[in-house]
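Engineer:
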Amino acid sequence: MKKQIREASAVEQETFANWEKRSVIGARARLRGNIACPALEVYGEVDGDVAAEGTVLLHPGARVAGSLRAGQVVLRPGAVVMKAHGGSL
Numbered sequence: 006m007k008k009q010i011r012e013a014s015a016v017e018q019e020t021f022a023n024w025e026k027r028s029v030i031g032a033r034a035r036l037r038g039n040i041a042c043p044a045l046e047v048y049g050e051v052d053g054d055v056a057a058e059g060t061v062l063l064h065p066g067a068r069v070a071g072s073l074r075a076g077q078v079v080l081r082p083g084a085v086v087m088k089a090h091g092g093s094l
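The numbering of the sequence shown is this note's numbering, which starts it at 6 and goes up by one.
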């Protein structure tokens, strides 16, 4: 089952963890907190650290402000990463 944070205007939490499959941060979502998951797609904004064993896909308009660790990182044109460590980035 895919975990989705799509329509929230702002979500704050210390750590988000989803070990089932894939998490999605929607275009209008603004997430403040750390994320740990197998795979992640970001359309909106994440203010926190991201850790994924698999692929992190950042779509146009996506923004991550924090460390980014993943098995593979895919940046689409228009996506922004403010700080990154490890992985393939």
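The beta-carbon is built from N, C-alpha and C at its ideal position, and this holds for glycine as well.
Where does Ala67 sit, in a helix, a strand or coil, going by DSSP?
Structural biologist: The sequence position of residue 67 within the sequence shown is 62, counting from 1. Three-state result, Ala67: coil.
Engineer: Just the C-alpha distance for Pro65 and Val51, rounded to the nearest angstrom, thanks.
Structural biologist: The residue you call residue 65 lines up with position 60 of the sequence shown. The residue you call residue 51 lines up with position 46 of the sequence shown. C-alpha separation (whole angstroms): 14 Å.
Engineer: Give me, in chain order, the residues of the same chain whose beta-carbon lies closer than 7 Å to that of Pro43; leave out the 5 immediate sequence neighbours on both sides.
Structural biologist: Stepping through the sequence shown from its first residue, residue 43 is reached at position 38. Cβ within range, chain order: Trp24, Lys26, Arg27, Ala57, Glu58, Gly59.
Engineer: Considering Gly76, what are the terminal residues of the beta strand (DSSP E) in which it resides?
Structural biologist: Counting from 1 along the sequence shown, the entry for residue 76 is found at position 71. Segment 73-80, the beta strand (DSSP E) holding Gly76.
Engineer: Would you mind stating whether Tyr48 and Gly31 have Cβ atoms separated by less than 8 Å?
Structural biologist: Mapped onto the sequence shown, residue 48 falls at position 43. Mapped onto the sequence shown, residue 31 falls at position 26. In contact: Tyr48 and Gly31 (Cβ atoms closer than 8 Å).
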